[in-house]
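Number of protein chains: 2
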Amino acid sequence: MGLTVDWRLYLLLDTGLIGERDPLALARDALAGGVTVVQVRAKDWPAGRIYALARALAPLARDHGAACLINDHTDVALTAGADGVHVGVDDLPVAAARRLWPTGVIGYSPEGEVDARRAVADGADYLGVGPFAATGTKPDAGAAIGAAGLAQIVAAVEVPVIAVGGLNAGNAAMALAAGAAGIAVGSAILAAADPAAAARQLRRLVDESLERR
Amino acid sequence: MGLTVDWRLYLLLDTGLIGERDPLALARDALAGGVTVVQVRAKDWPAGRIYALARALAPLARDHGAACLINDHTDVALTAGADGVHVGVDDLPVAAARRLWPTGVIGYSPEGEVDARRAVADGADYLGVGPFAATGTKPDAGAAIGAAGLAQIVAAVEVPVIAVGGLNAGNAAMALAAGAAGIAVGSAILAAADPAAAARQLRRLVDESLERR
Chain U
1 MGLTVDWRLY
11 LLLDTGLIGE
21 RDPLALARDA
31 LAGGVTVVQV
41 RAKDWPAGRI
51 YALARALAPL
61 ARDHGAACLI
71 NDHTDVALTA
81 GADGVHVGVD
91 DLPVAAARRL
101 WPTGVIGYSP
111 EGEVDARRAV
121 ADGADYLGVG
131 PFAATGTKPD
141 AGAAIGAAGL
151 AQIVAAVEVP
161 VIAVGGLNAG
171 NAAMALAAGA
181 AGIAVGSAIL
191 AAADPAAAAR
201 QLRRLVDESL
211 ERR
Chain P
214 MGLTVDWRLY
224 LLLDTGLIGE
234 RDPLALARDA
244 LAGGVTVVQV
254 RAKDWPAGRI
264 YALARALAPL
274 ARDHGAACLI
284 NDHTDVALTA
294 GADGVHVGVD
304 DLPVAAARRL
314 WPTGVIGYSP
324 EGEVDARRAV
334 ADGADYLGVG
344 PFAATGTKPD
354 AGAAIGAAGL
364 AQIVAAVEVP
374 VIAVGGLNAG
384 NAAMALAAGA
394 AGIAVGSAIL
404 AAADPAAAAR
414 QLRRLVDESL
424 ERR
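So the sequence lines, in the order shown, correspond to chains U and P. If you read the first sequence in the working numbering, its first letter stands for residue 1, the second for the next number, and so on. If you read the second sequence in the working numbering, its first letter stands for residue 214, the second for the next number, and so on.
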């Protein structure tokens, strides 16, 4: 990984959550509120549209000292000037993404501890681990792993672990106390009446939790 | 492009056309029948599954002197050892795919003559042009362009043009007479009772048409 990433508050900019709103405007609000990573997750978009968004978002994130990551499409992430890619078990294998992009930030969503260790050995820079709590956004994500499940993965690997799935102002402190380097949120910011204010509140919570740790 | 490709008979290995059958076994039959290019088109598959198929298919195609191309996913194509990628108007732009993969075969499906010229200027090695005839496989593909529409693109660019869309034993000769370097078929091989025999018949037709040209 060529970049040092601040993992504290990680926005999942999921196009399934934003309806007709402008994803770039939402990202701008979230970045103004203190988001430190933005991942574009657009399962329903063709690659060309993701490319166009990433080209606009990457410099915007950089202006805020934040990282811009793309879900799944390593080719898009690399050529659009993003900082990295996030892959899951069904996507391009971590080892292949790493061969293609030696300096990119590569994240992975492991299925358990063995898979987590393997992904790190294959070149993953960080892991997105969850679901931390029950979530309406990804109903197929499996049973909540909670603080204990998160701490197990944190102990198993030497890379940053981001807690994901059902995170909000009510449980962020628990995830961080369990060893997460940051929390990933989607609807907690995107479904808020004021996304910038929601990001600001979460960021304050995260910073306070990390100071206490 | 690092590879000289024989464009004569181009199989669109579309996962939407193969049902529960094994795509690798179908490709093997088609290659045995004389297919010279196999493009994996799997709009409904996650990237990891396409990667696994491409890893198996690329050496098989190579053994037959054929090329293995992947639809849309330049990252998968490059890391799986395929020979190239085929992109459309909604995919990663040709210029971006070319930056990522200087030696890969890059194909493009243009929307008209201006778009065709631009794609070639951006680095496309060949164009897939159609629909040549009405097709049930891609009902949204627009009106058939026929021999005249195909010849117009052939005249406009200096790269090989592959006729695509509704091609079969009945109209292959017309497409080749109009200047196509080859014909792309899906159901003409994949829906045949004997895919290898269908490929063999088409290949004979193509070879005879090209000899007469």
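Glycine residues also receive a C-beta, built at the ideal position from the N, C-alpha and C atoms. Source: prediction; values computed, not measured.
1. Can you check the stretch 10 to 88 of chain U for any alpha helix (DSSP H) of at least 4 residues that lies completely inside it and give the ranges in chain order?
2. Where does P:I366 sit, in a helix, a strand or coil, going by DSSP?
3. Just the chain P side, please: which residues come within less than 8 Å of U:G48 by C-beta, in chain order?
4. Let me check one thing: in DSSP terms, what residues is P:A376 bridge-paired to?
5. If I measure Cβ to Cβ from P:A260 and keep anything under 7 Å in the same chain, skipping five residues before and after, which residues do I get?
6. Note down, in chain order, every chain P residue with its Cβ under 9 Å from the Cβ of U:T79.
7. Among P:T217, P:L216 and P:L222, which has the Cα closest to the Cα of P:L423?
8. Identify each residue in the stretch 318 to 348 of chain P for which the Cβ-Cβ distance to at least one residue of chain U is less than 9 Å, and report them in chain order.
9. Using the Cβ count rule (16 or more neighbours within 10 Å means buried), how would you classify U:G128?
10. Consult DSSP for U:I106 and reduce its assignment to one of helix, strand or coil.
11. Helix, strand or coil for P:L216 per DSSP?
12. Can you find a CB in chain U that lies within less than 8 Å of the CB of P:Y264?
13. What three-state label does DSSP hand P:E326 in the structure shown?
14. Applying the criterion that 16 or more other CB atoms from any shown protein chain within 10 Å of the CB defines a buried residue, is U:V114 buried or exposed?
15. Would you call the CB atoms of P:V419 and P:V370 closer than 8 Å?
16. Could you say which of P:A405, P:R425 and P:I283 lies nearest to P:G246 if we only look at CA atoms?
17. Within its chain, find whatever has a CB closer than 6 Å to the CB of P:P373; leave out the 5 residues flanking it on each side and keep chain order.
18. If you draw a straight line from the alpha carbon of U:P59 to that of U:A96, how long is it in whole angstroms?
19. Where does U:G84 land, buried or exposed, given buried means 16+ other C-beta within 10 angstroms?
20. Might you give, ordered along the chain, the residues of its own chain that have their beta carbon closer than 7 Å to the beta carbon of P:G379, omitting 5 neighbours on each side?
21. I'd like to check one pair, P:A269 with P:V253: are the Cβ atoms closer than 8 Å?
22. Quick one: grab the DSSP three-state call for U:E211.
23. To the nearest angstrom, how far is the alpha carbon of U:V214 from that of P:I283?
24. Using the beta-carbon count (16 or more within 10 Å), is P:D257 buried or exposed?
25. Taking the beta carbon of U:A148 as the centre, do at least 16 other beta carbons fall within 10 Å, making it buried, or is it exposed?
26. For U:L3, does the count of other Cβ atoms within 10 angstroms reach 16, so buried, or fall short, so exposed?
27. If U:L215 sits next to P:Y264, beta carbons under 8 Å apart, how far is it from one beta carbon to the other, in whole angstroms?
28. State the Cα-Cα distance for the pair U:P102 and U:C68, rounded to the nearest angstrom.
29. Need the endpoints of the alpha helix (DSSP H) that U:R99 sits in, please.
30. With distances taken Cα to Cα, identify the nearest neighbour of U:D168 among U:G142, U:A177, U:A198 and U:G104.
31. Given that a residue counts as buried once 16 or more other Cβ atoms are within 10 Å of its Cβ, and exposed if not, what is U:D90?
32. Determine the closest residue to P:A279 out of P:A329, P:M387, P:L224 and P:G383, with distance taken between C-alpha atoms.
33. State buried or exposed for U:R212, treating a residue as buried only when at least 16 other CB atoms are found within 10 Å of its CB.
34. Counting only the same chain and skipping the five closest in sequence on each side, list residues whose C-beta sits under 7 Å from that of U:A80.
35. How far does the alpha helix (DSSP H) with P:A390 in it reach, from first residue to last?
36. If distances are taken between C-alpha atoms only, which option among P:V367, P:L403 and P:E421 comes closest to P:A240?
In brief:
1. As far as the stretch 10 to 88 of chain U is concerned, its whole alpha helix (DSSP H) runs of at least 4 residues are 23 to 33, 47 to 63 and 74 to 80.
2. To locate residue 366 of chain P, count along the second sequence from 1; it is residue 153. The three-state secondary structure of P:I366, taken from DSSP, is helix.
3. What you label residue 48 of chain U is simply residue 48 of the first sequence in a count that begins at 1. Going along chain P in sequence order, the residues near U:G48 (Cβ under 8 Å) are V302, D303, D304, L305 and P306.
4. One-based indexing of the second sequence puts residue 376 of chain P at position 163. Answer by DSSP bridge pairing, in chain order: P:V342 and P:I396.
5. Counting from one through the second sequence, the residue named residue 260 of chain P turns up at place 47. Here the set comprises H286 and V289.
6. On the first sequence, position 79 is the one that residue 79 of chain U refers to. Result: T287, L305, P306, A308, A309, A310, R312 and L313.
7. Numbered from 1 along the second sequence, position 210 holds the residue referred to as residue 423 of chain P. The shortest Cα separation from P:L423 among P:T217, P:L216 and P:L222 belongs to P:L222.
8. Taking 9 Å as the Cβ-Cβ cut-off, the stretch 318 to 348 of chain P has no residue approaching chain U.
9. Here residue 128 of chain U refers to the residue found at position 128 of the first sequence. When all chains shown are included, U:G128 counts as buried.
10. Within the first sequence, the letter at position 106 stands for residue 106 of chain U. Of the three classes helix, strand and coil, the one that applies to U:I106 here is strand, per DSSP.
11. In the second sequence, residue 216 of chain P corresponds to position 3, counting from 1. Of the three classes helix, strand and coil, the one that applies to P:L216 here is coil, per DSSP.
12. As a position in the second sequence, residue 264 of chain P is number 51, starting the count at 1. True, the Cβ-Cβ gap to chain U drops below 8 Å.
13. Counting from 1 along the second sequence, the entry for residue 326 of chain P is found at position 113. In this structure, P:E326 counts as helix in the three-state DSSP scheme.
14. As a position in the first sequence, residue 114 of chain U is number 114, starting the count at 1. Result: exposed.
15. Working through the second sequence from its first residue, we reach residue 419 of chain P at position 206. Working through the second sequence from its first residue, we reach residue 370 of chain P at position 157. Not closer than 8 Å, so no.
16. In the second sequence, counting from the first residue as 1, residue 246 of chain P sits at position 33. The option with the nearest alpha carbon to P:G246 is P:A405.
17. Residue numbering aside, residue 373 of chain P sits at position 160 when the second sequence is read from its first letter. Taken in chain order, the residues that qualify are W220, Y339 and A394.
18. Here residue 59 of chain U corresponds to residue number 59 of the first sequence, with the count starting at 1. Here residue 96 of chain U corresponds to residue number 96 of the first sequence, with the count starting at 1. For U:P59 and U:A96, the distance between alpha carbons rounds to 26 Å.
19. The count along the first sequence starts at 1 and reaches residue 84 of chain U at position 84. Classification of U:G84: buried, given that the 10 Å Cβ count is 16 or more.
20. The residue you call residue 379 of chain P lines up with position 166 of the second sequence. Counting only Cβ-Cβ distances below 7 Å, and skipping sequence neighbours, we find P344, F345, A346, A347, T348 and A357.
21. Along the second sequence, one-based indexing puts residue 253 of chain P at 40. Along the second sequence, one-based indexing puts residue 269 of chain P at 56. For P:V253 and P:A269, no; Cβs fall outside 8 Å.
22. Taking the first residue of the first sequence as position 1, residue 211 of chain U is located at position 211. Three-state DSSP puts U:E211 in a helix.
23. This structure cannot settle anything about residue 214 of chain U, because the visible part of chain U is limited to 1 through 213.
24. Translated into positions along the second sequence, residue 257 of chain P becomes position 44. Exposed.
25. Here residue 148 of chain U is taken as the residue at index 148 of the first sequence, counted from 1. So U:A148 ends up on the exposed side.
26. Here residue 3 of chain U is taken as the residue at index 3 of the first sequence, counted from 1. Exposed, by the Cβ-count rule.
27. Residue 215 of chain U is absent from the model: chain U starts at 1 and stops at 213.
28. To locate residue 102 of chain U, count along the first sequence from 1; it is residue 102. To locate residue 68 of chain U, count along the first sequence from 1; it is residue 68. Straight-line Cα distance between these residues: approximately 17 Å.
29. Residue 99 of chain U sits at position 99 when you count from the first residue of the first sequence. It spans V94 to L100 - the alpha helix (DSSP H) in which U:R99 sits, taken as one unbroken run.
30. Indexing the first sequence from 1 puts residue 168 of chain U at position 168. A small correction: the amino acid at residue 168 of chain U is Asn; Asp does not occupy that position in the sequence shown. Selected option, being the one with the closest Cα: U:A198.
31. The residue you call residue 90 of chain U lines up with position 90 of the first sequence. Its Cβ having fewer than 16 others within 10 Å, U:D90 is exposed.
32. The residue given as residue 279 of chain P occupies position 66 in the second sequence. The option with the nearest alpha carbon to P:A279 is P:L224.
33. Numbered from 1 along the first sequence, position 212 holds the residue referred to as residue 212 of chain U. Classification of U:R212: exposed, given that the 10 Å Cβ count is below 16.
34. In the first sequence, residue 80 of chain U corresponds to position 80, counting from 1. If we look at U:A80 and ignore the five residues flanking it on each side, its Cβ neighbours are Y51, A54, R55 and A58.
35. Residue mapping note: residue 390 of chain P aligns to position 177 of the second sequence, counting from 1. The continuous alpha helix (DSSP H) containing P:A390 extends over residues A385 to A390.
36. Working through the second sequence from its first residue, we reach residue 240 of chain P at position 27. It is P:L403 whose Cα lies nearest to the Cα of P:A240.
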